[in-house]
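**Student:** Protein sequences, first through last, are from chains A and B.
Just so we're aligned, residue 1 is where the first sequence starts under my numbering, counting upward by one.
Just so we're aligned, residue 1001 is where the second sequence starts under my numbering, counting upward by one.
We put the beta carbon where it would ideally sit given N, CA and C, even for glycine.
A quick note: this is a predicted structure, and the numbers were derived from the prediction, not measured.
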Amino acid sequence: MDLAALLQELVSVPGVSGLEDKVARVAMDALRPYVDELYKTPMGAVVGTIKGHGPALVLDAHLDQIGLVITAYGGNGFLRFDKCGGVDPRTLSGMEVIIHGEEDLFGVVSSIPPHLAKKEDAGKAKDFRELAIDTGLSDEELKRKVKLGDRVSLKAYPAQLLNGLVSGAAMDDRAGIAALIRTAELLRDAECDRTVSFQFTVREEVGGRAAAATAYNINAHAAIAVDVSFARTPGIDHRDAALIDKGPMIGYSPILDKGLFDRMKQIAEEKGIPYQLEIMHRGTGTHADELTNLKAGLPVGLVSIPLRYMHTTVETVSLEDIENTARLLAETVLAGPPEGEGGVA
Amino acid sequence: MSLFEDVRVLCELPGVSGREGPVRDYLISRLPAGVSYDIDAMGNLYVEKQGAARPKNKVVLFAHMDEVGLMITYITEEGYLKFDEIGGIDPAVLIGRTVKLECGLTGVIALKAIHLCEGEEARKIPEMRELYIAIGAKDKADAEQYVELGSFATYVSDYVEFGKSLVKMKALDDRFGCALMLDLLHQDLPYDTTFVFTVQEEVGARGAAAAAFRTEPDIAVILETTTAGDICGVEGERRACVLGEGPVVSYMDRGTVYDYHLYSLAMETAKEAGIPAQTKTLVAGGNDSSSVQRAGAGSRVLAISAPTRYLHSPVDVLDKEDVLSMQKLLSVLLPKLAEQ
Chain A
1 MDLAALLQEL VSVPGVSGLE DKVARVAMDA LRPYVDELYK TPMGAVVGTI KGHGPALVLD
61 AHLDQIGLVI TAYGGNGFLR FDKCGGVDPR TLSGMEVIIH GEEDLFGVVS SIPPHLAKKE
121 DAGKAKDFRE LAIDTGLSDE ELKRKVKLGD RVSLKAYPAQ LLNGLVSGAA MDDRAGIAAL
181 IRTAELLRDA ECDRTVSFQF TVREEVGGRA AAATAYNINA HAAIAVDVSF ARTPGIDHRD
241 AALIDKGPMI GYSPILDKGL FDRMKQIAEE KGIPYQLEIM HRGTGTHADE LTNLKAGLPV
301 GLVSIPLRYM HTTVETVSLE DIENTARLLA ETVLAGPPEG EGGVA
Chain B
1001 MSLFEDVRVL CELPGVSGRE GPVRDYLISR LPAGVSYDID AMGNLYVEKQ GAARPKNKVV
1061 LFAHMDEVGL MITYITEEGY LKFDEIGGID PAVLIGRTVK LECGLTGVIA LKAIHLCEGE
1121 EARKIPEMRE LYIAIGAKDK ADAEQYVELG SFATYVSDYV EFGKSLVKMK ALDDRFGCAL
1181 MLDLLHQDLP YDTTFVFTVQ EEVGARGAAA AAFRTEPDIA VILETTTAGD ICGVEGERRA
1241 CVLGEGPVVS YMDRGTVYDY HLYSLAMETA KEAGIPAQTK TLVAGGNDSS SVQRAGAGSR
1301 VLAISAPTRY LHSPVDVLDK EDVLSMQKLL SVLLPKLAEQ
């Protein structure tokens, strides 16, 4: 598998929260060769399963990406908008966007020309409600082509940086999706005889609402959420971030299963897979939080891919980190659940 | 090659102030047969085109080749590139953007993740000097293998036609003017005309001073882009000018008091010919005119510009209809200027 090409393909398809159909199709096609069973849930999530013995280990990554949503017609060919997920407001000025209306339309988020800039606003990012998207269309045509509620994705210029780093929009969490597809390939190659379910979830960026519903029909013994987390950049407290290209982050927090955490660390050590720790003192802000409450409760782990500049169009990840995430997950599946699974430590 | 194909190719080329070479080379490669050209010590490109007749007034057309951009000034221990801006850039338009470095590498400009910002910080647009370009270098030594101090970076922004008739790209200011001059050079002109493609406009209209000194125009016409503030929520005169309402003929801006008679002549000519034209409803901006007007013994200046939104950002936006009107206006106005 060409991981770089897979990731590029995944980020090239828009999937703003609530509008994940297209990217779901692409991810589903990419997963298909490696699983025995594949279906879509009523909410639009994708579940693929390698059938083996025992109940499934569920591996979760989310399909959706942050974007904008059209809230009003602004006149003169402009559209007013709000955020759909936590778009970084500091990046809005002059941002290029694609409006997913009747057809895909190009637009530009207006910036304020110098003669209109107010002194007191200098150095402050504009609020979502102060800005508008320039479509260049007549208002009449705009109303025909764009509905209120239509989603907007942020246009990126995906780029290869030095040392195997890649940047673009939606790396959060297509990097995780790519890692899971690669995991499935590794497991097929290893002739895996454990049951493992891959779930590609929807609407994570608007509050995380579909992870448990997606896993509902899976007979699961444990789950691991696979998302992105902060990689160090200038100005970040070193406790808050890992280093990019130094391996997946194995998460621990009061809500995560200590047994699973210990086991993944041990497997990484034994197999020589580079890893880092992400220690959190409360909920993790990922689907792990929701999956712990699945039905009667589930031991849940968290593996995160270090990512720089989260929620911008230049999110940056390391391909090597994605590969190592897949290796860690595959080895964890192959090791199987420990005796007396339950994970209470 | 159509005008907008030239626009696309010209805008694609990197050519920050002082480093206009790639733009100049392309322009030279596109010159028609039968014109002569020269390059001066600063890098200005002069093209002489013979017309059907000798003009009464020497008319010289100006457009600038340079674009705004960034210059690398420091490499941090962690391998990030610090920079200063070349020309006037609002730091807000840089955050979250991708840039191309002179060495060929791609870099990104971003900040500490928004999730980790507290209070005011989450809304703060930092000063230019706090920003940096990330190229993925492991550390300073790694970055130094590729990047030299003083080297430049330009925006990554592709050519997009959108809406009714809009065009988006970086550097439309003023590659669009260059393309317009190239288009004129490929036409039969009624009078001999001098074309100057200038350098260093964005850092103080510096090339144009030398170019005007050398060419001694009777009448200089500056072909430019000018800021349009006709965005959502802005009404009336604060818009300065409006896309789709024709080329902008200036009477005054922050750098120049234009020749009143030339301004009037241009507006009347447009009106008589039924060509849309407008003037600015604010005294704002500036261009090569300020230098040209005062060079040597001085000359009469006229500026005609395409109204352009989001100037000096990666997403300059102008209207093709305005460009077509500008071409029409020039075709009827230039002979009058030569004869006047």
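1) Within the same chain, show all residues whose beta-carbon is closer than 8 Å to that of residue 1194 of chain B, passing over the 5 residues directly before and after it, in chain order.
2) Checking 8 Å against the spacing of the C-beta atoms, do residue 1111 of chain B and residue 1095 of chain B come in under that value?
3) Which residues in chain B have a C-beta closer than 9 Å to the C-beta of residue 125 of chain A? List them in chain order.
4) Helix, strand or coil: how does DSSP classify residue 1065 of chain B here?
5) Counting only beta-carbon separations shorter than 8 Å, does residue 286 of chain A have a partner in chain B?
6) Any beta-carbon of chain B closer than 8 Å to the one on residue 144 of chain A?
7) Once DSSP output is grouped into helix, strand and coil, what is the label at residue 84 of chain A?
8) Mark residue 1337 of chain B as exposed unless 16 or more other C-beta atoms lie within 10 angstroms of its C-beta, in which case mark it buried.
9) When DSSP labels each residue in this structure, what does residue 1109 of chain B get in the three-state scheme?
10) Under three-state DSSP, which class holds residue 1250 of chain B?
11) Taking C-alpha atoms, which residue in A:169, A:188, A:69, A:287 lies nearest to residue 48 of chain A?
12) I want to know whether the stretch 152–165 of chain A touches the stretch 1126–1143 of chain B - three or more CB-CB distances under 8 Å.
13) In the DSSP assignment, find the beta strand (DSSP E) that holds residue 1171 of chain B and state where it starts and stops.
14) Under 8 Å between C-beta atoms, does residue 1142 of chain B make it to chain A?
15) Are the beta-carbon atoms of residue 259 of chain A and residue 338 of chain A separated by less than 8 Å?
16) With a cut-off of 8 Å on the beta carbons, I'd call residue 307 of chain A and residue 317 of chain A a contact; round off their distance for me.
17) Between the alpha carbons of residue 34 of chain A and residue 184 of chain A, how many angstroms are there, rounded?
18) Locate the beta strand (DSSP E) running through residue 1049 of chain B, then write down its first and last residues.
19) Identify the residues that DSSP records as bridge partners of residue 168 of chain A: which are they?
20) Rounded to a whole number of angstroms, what is the C-alpha to C-alpha distance between residue 959 of chain B and residue 1210 of chain B?
21) Can you say whether residue 324 of chain A is buried or exposed, counting buried as having 16 or more other CB atoms within 10 angstroms of its CB?
22) Anything in the stretch 1155–1169 of chain B with a Cβ closer than 7 Å to a Cβ of chain A? List those residues in chain order, please.
23) For the beta strand (DSSP E) that contains residue 267 of chain A, what are its first and last residues?
24) Just to confirm my understanding: we take residue 345 of chain A, look at its own chain, exclude 5 residues before and 5 after, and list those with CB closer than 6 Å. What are they?
25) Expressed to the nearest angstrom, what Euclidean distance is found between the alpha-carbon atoms of residue 1331 of chain B and residue 1041 of chain B?
26) Note down, in chain order, every chain A residue with its Cβ under 8 Å from the Cβ of residue 1132 of chain B.
27) Beta-carbon of residue 1230 of chain B versus every beta-carbon of chain A: anything under 8 Å?
28) Residue 1214 of chain B CB to nearest chain A CB: under 8 Å?
29) What residue from B:1005, B:1181, B:1328, B:1333 has the CA that sits closest to residue 1158 of chain B's CA?
30) Could you say if the stretch 1111–1128 of chain B and the stretch 1161–1170 of chain B meet the contact criterion of at least three C-beta pairs nearer than 8 Å?
31) Can you give the beta carbon distance from residue 346 of chain A to residue 86 of chain A, rounded, assuming they're within the 8 Å contact cut?
32) When DSSP labels each residue in this structure, what does residue 137 of chain A get in the three-state scheme?
33) Just to confirm before moving on: does the CB-CB distance between residue 51 of chain A and residue 195 of chain A stay below 8 Å?
34) Leaving out five residues on either side along the sequence, give the residues of the same chain with a beta carbon under 6 Å from the beta carbon of residue 312 of chain A.
35) Could you tell me if residue 1177 of chain B is buried or exposed, where buried requires 16 or more neighbouring beta carbons within 10 angstroms of its beta carbon?
36) Expressed to the nearest angstrom, what Euclidean distance is found between the alpha-carbon atoms of residue 1151 of chain B and residue 28 of chain A?
**Tutor:** So, from the listed chains and residues:
1) Here the question's residue 1194 of chain B lines up with position 194 in the second sequence. Counting only Cβ-Cβ distances below 8 Å, and skipping sequence neighbours, we find 1046, 1047, 1048, 1049, 1058, 1059, 1060, 1061, 1215, 1217.
2) Taking the first residue of the second sequence as 1, we reach residue 1111 of chain B at position 111. Taking the first residue of the second sequence as 1, we reach residue 1095 of chain B at position 95. With contacts defined by Cβ atoms closer than 8 Å, residue 1111 of chain B and residue 1095 of chain B form a contacting pair.
3) For the purposes of this step, residue 125 of chain A is identified with residue 125 of the first sequence, where counting begins at 1. Within chain B, the residues near residue 125 of chain A are 1092, 1095, 1122, 1123, 1124, 1125.
4) Residue mapping note: residue 1065 of chain B aligns to position 65 of the second sequence, counting from 1. Three-state result, residue 1065 of chain B: coil.
5) Along the first sequence, read from residue 1 onward, the residue named residue 286 of chain A stands at position 286. Not one chain B Cβ lies under 8 Å of residue 286 of chain A.
6) If you number the first sequence from 1, residue 144 of chain A lands on position 144. Not an interface residue.
7) Taking the first residue of the first sequence as 1, we reach residue 84 of chain A at position 84. If DSSP states are grouped into helix, strand and coil, residue 84 of chain A belongs with the strands.
8) Translated into positions along the second sequence, residue 1337 of chain B becomes position 337. Under this definition residue 1337 of chain B is a buried residue.
9) Here the question's residue 1109 of chain B lines up with position 109 in the second sequence. Correct three-state label for residue 1109 of chain B: strand.
10) As a working note, residue 1250 of chain B is residue 250 in the second sequence. Reduced to three states, the DSSP call for residue 1250 of chain B is coil.
11) One-based indexing of the first sequence puts residue 48 of chain A at position 48. Among A:169, A:188, A:69, A:287, the Cα nearest to that of residue 48 of chain A is on A:188.
12) yes
13) Numbered from its first residue, the second sequence carries residue 1171 of chain B at position 171. Premise fails: residue 1171 of chain B is in no beta strand (DSSP E) and is neither H nor E.
14) Translated into the one-based positions of the second sequence, residue 1142 of chain B becomes position 142. It does; some Cβ of chain A falls within 8 Å.
15) Counting from 1 along the first sequence, the entry for residue 259 of chain A is found at position 259. Counting from 1 along the first sequence, the entry for residue 338 of chain A is found at position 338. In this structure, residue 338 of chain A lies closer than 8 Å to residue 259 of chain A by Cβ.
16) Taking the first sequence and counting its residues from 1, the one referred to as residue 307 of chain A is at position 307. Taking the first sequence and counting its residues from 1, the one referred to as residue 317 of chain A is at position 317. Sure, about 5 Å apart at Cβ, within 8 Å.
17) Here the question's residue 34 of chain A lines up with position 34 in the first sequence. Here the question's residue 184 of chain A lines up with position 184 in the first sequence. Near 6 Å, if we compare the C-alpha coordinates of residue 184 of chain A and residue 34 of chain A.
18) Here residue 1049 of chain B is taken as the residue at index 49 of the second sequence, counted from 1. Per DSSP, residue 1049 of chain B belongs to the beta strand (DSSP E) from 1045–1049.
19) Counting from one through the first sequence, the residue named residue 168 of chain A turns up at place 168. Residue 168 of chain A pairs with A:315.
20) The question about residue 959 of chain B has no answer here: the residues shown for chain B are numbered 1001 through 1340.
21) The residue you call residue 324 of chain A lines up with position 324 of the first sequence. Counting Cβ neighbours within 10 Å, residue 324 of chain A comes out buried, since at least 16 surround it.
22) 1156, 1160, 1162, 1163, 1164, 1166, 1168
23) Position 267 of the first sequence, counted from the start, is the residue given in the question as residue 267 of chain A. Per DSSP, residue 267 of chain A belongs to no beta strand (DSSP E); it is in the alpha helix (DSSP H), 258–271.
24) On the first sequence, residue 345 of chain A is found 345 positions in, with the first residue counted as 1. Only weak support exists for where residue 345 of chain A lies, its pLDDT of 39 falling under 50; the value from the coordinates is given anyway. Same-chain partners within the cutoff: 258, 259.
25) To locate residue 1331 of chain B, count along the second sequence from 1; it is residue 331. To locate residue 1041 of chain B, count along the second sequence from 1; it is residue 41. Approximately 32 Å between the Cα atoms of the pair.
26) Translated into the one-based positions of the second sequence, residue 1132 of chain B becomes position 132. The contacting residues are 234.
27) Position 230 of the second sequence holds residue 1230 of chain B. Any Cβ of chain A closer than 8 Å to the Cβ of residue 1230 of chain B would place that residue at the interface, and such an atom is present.
28) Taking the first residue of the second sequence as position 1, residue 1214 of chain B is located at position 214. Not an interface residue.
29) By 1-based counting over the second sequence, the position of residue 1158 of chain B is 158. Nearest C-alpha to residue 1158 of chain B: B:1005.
30) no
31) Nothing about residue 346 of chain A can be read from this structure; chain A reaches only from 1 to 345.
32) Numbered from 1 along the first sequence, position 137 holds the residue referred to as residue 137 of chain A. Reduced to three states, the DSSP call for residue 137 of chain A is coil.
33) The residue given as residue 51 of chain A occupies position 51 in the first sequence. The residue given as residue 195 of chain A occupies position 195 in the first sequence. Closer than 8 Å, so yes.
34) Residue numbering aside, residue 312 of chain A sits at position 312 when the first sequence is read from its first letter. If the five residues before and after residue 312 of chain A are omitted, its C-beta is found closer than 6 Å to the C-beta atoms of 88, 91, all from its own chain and listed in chain order.
35) Along the second sequence, one-based indexing puts residue 1177 of chain B at 177. When all chains shown are included, residue 1177 of chain B counts as buried.
36) In the second sequence, residue 1151 of chain B corresponds to position 151, counting from 1. In the first sequence, residue 28 of chain A corresponds to position 28, counting from 1. For residue 1151 of chain B and residue 28 of chain A, the distance between alpha carbons rounds to 45 Å.
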